Every structure is written in structure tokens, then in C-alpha cells.
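To start, the structure under review is shown below, and the notes come after it.
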Amino acid sequence: MSEDLEEKENQLLLGIDFGTSRTAVMSNRGYQSITNSVVGYPKDIIGIKLLGKAQVFGDEALKNRSALTLYRPLEDGVIREASERDYNAALELLRYVVEEAKQGEDVEVSCILGVPSRASLMNKEILLKIAREIVSIAMIVSEPFMVAYKLNKLNNTIIVDIGAGTVDICGVKGAIPAAKDQVTILKGGDYIDERLESAMNQKFYDVQITRNLVRTIKEQHAFVGEPDGPLEVTLRCEGKPGSYDITNEMRTVCESIIPDICESIINIMKGYDPEDQPEVLKSIYLAGGGSQIKGLAAAIESRLHEYGEIKVTCVDDPDFTGCGGALKLTEDLPPEHWDKVGFAGE
100 MSEDLEEKEN QLLLGIDFGT SRTAVMSNRG YQSITNSVVG YPKDIIGIKL LGKAQVFGDE
160 ALKNRSALTL YRPLEDGVIR EASERDYNAA LELLRYVVEE AKQGEDVEVS CILGVPSRAS
220 LMNKEILLKI AREIVSIAMI VSEPFMVAYK LNKLNNTIIV DIGAGTVDIC GVKGAIPAAK
280 DQVTILKGGD YIDERLESAM NQKFYDVQIT RNLVRTIKEQ HAFVGEPDGP LEVTLRCEGK
340 PGSYDITNEM RTVCESIIPD ICESIINIMK GYDPEDQPEV LKSIYLAGGG SQIKGLAAAI
400 ESRLHEYGEI KVTCVDDPDF TGCGGALKLT EDLPPEHWDK VGFAGE
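Here's what the structure looks like:
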């Protein structure tokens, strides 16, 4: 075995989709996981006694939220640039998911991380600074490009990546997308959660509703278009459970993101040569958690019908398509060449 090949096999390569709501990780050794992008710090000595550690992550943090101060270090898909606490929480969260992926091995790590399409240069630098404290080599690429790379749809394709913080729309033209080929809309899953919570509070003013409960209801029942039937959920009023109809509220808030998505798709499509535009409009892919909103692909097709034949496809595995594309890129392109194609540091 050559020295270069042996070195590559001994190195741990990671693809990481560092998301507002969830962080997905895949490695070249078959590891994959999803962690809620939340860090919890004990409120007092009781919390430290209960948990036995200074910080907890993901599901464990959410389960023990009454004993913790919770931080979601990413806002709209990026780290809040002025917040030291969010910087530290992001650092600790990334270190946690990398250590989990190492599975106890002392091994050199290189990783590719996804960020929203139009993340600022400053935010990319912040994320790279964090990554350099944890891994040997890192590269930053746009999240929708990671999806395109996994799907092997690298030309005449539009990717719509609907995450918690943002909707990222990217036109792929056979090269790393330029800024003009990418749009970030600040109306992702968190925007839907906020509007749904407000609508439910207005309709059922005496019912106990939390953002976490609203998010769970949305993830189970989100839809657009005509409903199959009434959407009734169990809520509590003064501690007593009851059935409440939120059909109209769910439909309205989920459909609220469609106009901006369609407008951005058309703007991106216009950047292609006219002879390529019909092919592009038949190669639109929805990714991210929001792609699972029932009826969304059909609703976008219907809204864009005047532009010709439209084909919108939901990816098969929205949880891992993005980080899977990042991992595929780490395996296809040696880390020593990353500085030639992406925003890289070591």
C-alpha cells in the first residue's frame, strides 16, 4: 500500500451539515448521526448535581431543559457574530459531534461544513476559526451545493434547501456556485414555528402552548394545499387535555413560504442561458427538513406552471443528503486541494 493511500485511509473524513435546528454528520467509516443543535448549561448547583457535567447537548439537553439554560448557537443558519456565548456554544457543539464521530479513536480529522448560500464572509471566517480549533483541515461550502453533489446533479439544476433558519436556493451550473447564483431567504422552519405559535395562541388564548410543542406538531402534520381532513391535535387547557382543530392555521403558515421560494427559483432560472431554462425547470430538488411539508412540491409546480413544464422532486433522505454530499466531496477531493475550490483553513 502506498504511503499516500495509507495516510488517506487512516484519516477520518467528515461531512457536517451544521444546522440551526439539527446537526447531521457522516464519516468515511460508516458513522452517521443527527444531533439537535442545542447546548444546555446547568442553571445552578442542583443542575450540576443532577447531570454530573458542565454542559449537555442535543436530546439530553432538551429532555432536561427545566434544569438548564439552553442555547441554540446558530441563528438563521449562522453564528451570531457579536455573541461570545453563541460562539462558545457553537465551538462546544461542533467539538461534541466531532468527538462522537471519532468514536474513541485518536485520529486526524478533516471535515467539510455546510453553511447557508449567502452566509457572510465574516461568518465563514468565524466558523472556520471554530473548526480549526477542533479538526486538522476544514472547508466551508454552501449547503445546497452539498445536496447537488450528493445527487450528482451538477449542471442545469436548482436546489431548494429548506432548513430551520433559512431557505437556501442555488443554481448549479457545472462549477462552484457564484454569489449571483444563490439566494438565502430568512423564512425557514423557525419562521413557520413562530407564525404557527402566534396563530394558535390567538385562536386558543387559554391553552398552554410552547415553541417546542408547536415545532413537534409542525414536524408531524405540516401540509399545504387542500387537507385530507380536519387536523386536530391534543392540547392542554388548565392541565386538562382536549382536541383542537388547527387545519386552517397549519395550512396558512406553511403556504406563507411558497411565494418567496417561487420568486427566487424564477430569478435563479433567469441566470441560465435561455436554451437551458426548460431543462433547469424540470430539475428542481427540494431538500432539508422543510421538504417534508406534505404537498409542497406539487404546490410549487402549480404556481410556476406558466413558465413551462415544471418538475419538482423531494430528495429521498432529507436528513443526510446534505452532509452526505459533503462527505462525498471529502472523498473525491483530497483535503490538500480544498483551498483551491472552497473557503478553507487549517
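Using this note's numbering, the first residue of the sequence shown is number 100, and each one after it goes up by one.
All C-beta atoms, glycine included, are put in the ideal place defined by N, C-alpha and C.
Source: prediction; values computed, not measured.
1) In angstroms, rounded to a whole number, what distance separates the CA positions of Glu242 and Lys339?
2) Grouping DSSP H, G and I as helix and E and B as strand, with all else coil, what is Val234?
3) Near Val177, which residues of its chain fall below 7 Å by C-beta distance, leaving aside the five closest residues on each side in sequence?
4) Would you mind giving the Cβ-Cβ distance between Thr119 and Gly262, rounded to the nearest angstrom? I have them listed as a contact below 8 Å.
5) Do Ile365 and Leu403 come within 9 Å of each other at the CB atom, strictly closer than that value?
6) Kindly indicate which three-state DSSP category Ser216 falls into: helix, strand or coil?
7) Could you give the distance in angstroms between the alpha-carbon of Leu295 and the alpha-carbon of Met349?
8) Just the Cα atoms here: how many angstroms apart are Val313 and Asp185?
9) Using the Cβ count rule (16 or more neighbours within 10 Å means buried), how would you classify Lys279?
10) Just how far apart, CA to CA, sit Thr420 and Val411?
11) Consult DSSP for Pro434 and reduce its assignment to one of helix, strand or coil.
12) So, using beta-carbon positions, are Leu113 and Ala425 closer together than 9 Å?
13) On the criterion of 16 or more Cβ atoms from any shown chain inside 10 Å, does Pro373 qualify as buried, or is it exposed?
14) Helix, strand or coil for Tyr186 per DSSP?
15) Tell me whether Ser401 sits in a helix, a strand or coil according to DSSP, three-state version.
16) With three or more beta-carbon pairs closer than 8 Å as the criterion, would you say the segment 120–137 touches the segment 154–167?
17) Spatial neighbours of Lys286 within its chain, please: C-beta separation below 7 Å, excluding the five flanking residues on both sides.
18) Could you check the C-alpha separation between Pro276 and Ser363 for me, to the nearest Å?
19) So if DSSP puts Lys393 in a beta bridge, which residue, or which two residues, is it bridged to?
20) So who's on the other strand from Ser132, going by DSSP bridges?
21) Pick out the complete alpha helix (DSSP H) segments inside the segment 238–265, 4 residues or longer, and give them in chain order.
22) Tell me whether the beta-carbon of Gly423 lies closer than 9 Å to the beta-carbon of Met238.
23) Secondary structure at Val197, three-state DSSP: helix, strand or coil?
This is what the structure gives:
1) So the alpha carbons of these two residues sit roughly 43 Å apart.
2) Note: Val234 maps to coil in three-state DSSP.
3) Around Val177, the same chain offers Val214, Pro215, Ala218 and Asn222 as residues with beta carbons nearer than 7 Å, after the five sequence neighbours per side are excluded.
4) The C-beta distance from Thr119 to Gly262 rounds to 6 Å, short enough to meet the 8 Å contact threshold.
5) With a cutoff of 9 Å on beta-carbon distance, Leu403 and Ile365 are scored as near each other.
6) Note: Ser216 maps to coil in three-state DSSP.
7) Going by the C-alpha atoms only, they are around 7 Å apart.
8) Val313 and Asp185 have their C-alpha atoms some 24 Å from each other.
9) Around the Cβ of Lys279, a 10 Å sphere holds fewer than 16 other Cβ atoms; the residue is exposed.
10) A straight-line Cα-Cα distance of about 16 Å links Thr420 and Val411.
11) Taken through DSSP and simplified to helix, strand or coil, Pro434 comes out as helix.
12) For Leu113 and Ala425, yes; Cβs fall inside 9 Å.
13) Burial call: exposed.
14) DSSP places Tyr186 within a helical segment (H, G or I) once states are collapsed to three.
15) In the structure shown, Ser401 sits in a helix (DSSP, three-state: H, G or I).
16) Result yes; three or more Cβ-Cβ pairs closer than 8 Å.
17) The answer, listed in chain order, is Val266, Ile356 and Asp359.
18) Pro276 and Ser363 have their C-alpha atoms some 15 Å from each other.
19) Beta-bridge pairing links Lys393 to Phe322.
20) Looking at the DSSP output, Ser132 bridges to Val124.
21) Scanning the segment 238–265 from its first residue to its last, the whole alpha helix (DSSP H) runs of 4-plus residues come out as 242–250.
22) Contact: no.
23) It is helical.
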